[in-house]
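Listed in order, the protein sequences are those of chains A and B. Start counting the first sequence at 439; every next residue gets the next number (our numbering). Start counting the second sequence at 524; every next residue gets the next number (our numbering). All C-beta atoms, glycine included, are put in the ideal place defined by N, C-alpha and C. Computed from a predicted structure; not experimentally measured.
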Amino acid sequence: DAGVIQSPRHEVTEMGQEVTLRCKPISGHDYLFWYRQTMMRGLELLIYFNNNVPIDDSGMPEDRFSAKMPNASFSTLKIQPSEPRDSAVYFCASSSRQFLNEKLFFGSGTQLSVL
Amino acid sequence: GESVGLHLPTLSVQEGDNSIINCAYSNSASDYFIWYKQESGKGPQFIIDIRSNMDKRQGQRVTVLLNKTVKHLSLQIAATQPGDSAVYFCAEKTGANNLFFGTGTRLTVIP
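Written out as structure tokens, the structure reads:
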């Protein structure tokens, strides 16, 4: 199994630009999570999906952030417009029906730098 | 509210010694706990988990201990190896809520 795949690994952009982060969960997993990691706040849950449906987006910072899951094998996290304070590592994780929202499998993350 | 914190933000251990990483939690209703290891440039990797109806659980070279009386969780790594150098996170879960992660402890193994 290839695990959770995220792209790009690194993204450098200028303030005001649109950023799209991509994630392919582990095949067969029903849950998909987007996390943000910073030194100040640690790992924060932004949003999660169950069977492609957004369940809880209370962690999404503001309207500039949006996430979609058009099918079971793909999800995007979009920031528009981006700001320097969005600089962080963004992780996607997935989990199976067996483990629900407990045992999560994480991707390698996207290091986002907004200049 | 929930609070998961670590007593020691950094820990240095001699290779071959045992490591103990501690974690405190404040929500007595938390019923599931999990440890993750995060190496530089990688995502968190599952190590071991434990439910609140258990006090101890063992894996390969790792043991998690849960003390519900003092709301304390620890991860013990036996015969620590250089490859164990990483940041270790504990996380707690209450009922159907999602995992809440602590801030992490950096473990450095000295050869």
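Skipping 5 residues on each side, what residues in its chain have a beta carbon closer than 8 angstroms to that of I633/B? Position 110 of the second sequence, counting from 1, holds the residue named residue 633/B. For I633/B, where only same-chain residues beyond five positions count, the Cβ hits under 8 angstroms are S535, V536, Q537 and E538.
Quick check: the segment 529-536 of chain A against the segment 458-473 of chain A, are there 3 or more CB pairs under 8 angstroms? yes
From S553/B, G564/B, D540/B and K565/B, residue whose alpha carbon lies closest to that of T617/B: In the second sequence, counting from the first residue as 1, residue 617/B sits at position 94. Comparing Cα positions, the closest option is S553/B.
The beta strand (DSSP E) enclosing N488/A, as first and last residue numbers: Here residue 488/A refers to the residue found at position 50 when the first sequence is read from its first residue. Note, N488/A: beta strand (DSSP E), G480 to N488.
For S563/B, is the classification buried or exposed, using 16 other Cβ atoms within 10 angstroms of its Cβ as the cut-off for buried? Indexing the second sequence from 1 puts residue 563/B at position 40. Around the Cβ of S563/B, a 10 Å sphere holds fewer than 16 other Cβ atoms; the residue is exposed.
Using three-state DSSP, classify P508/A as helix, strand or coil. Here the question's residue 508/A lines up with position 70 in the first sequence. Residue state, collapsed to three classes: strand.
Neighbour flag for T626/B against chain A, beta carbons, 8 angstroms: Here residue 626/B refers to the residue found at position 103 when the second sequence is read from its first residue. Answer yes: the Cβ-Cβ gap between T626/B and chain A drops below 8 angstroms somewhere.
From D494/A, P492/A, N488/A and P463/A, residue whose alpha carbon lies closest to that of F544/A: The sequence position of residue 544/A within the first sequence is 106, counting from 1. Answer by Cα proximity: P463/A.
What's the gap between the Cα of F569/B and the Cα of H448/A? Translated into the one-based positions of the second sequence, residue 569/B becomes position 46. Translated into the one-based positions of the first sequence, residue 448/A becomes position 10. Spanning the two alpha carbons is a distance of roughly 23 angstroms.
In chain B, what lies closer than 8 angstroms to Y486/A by C-beta? In the first sequence, counting from the first residue as 1, residue 486/A sits at position 48. In chain order: N621.
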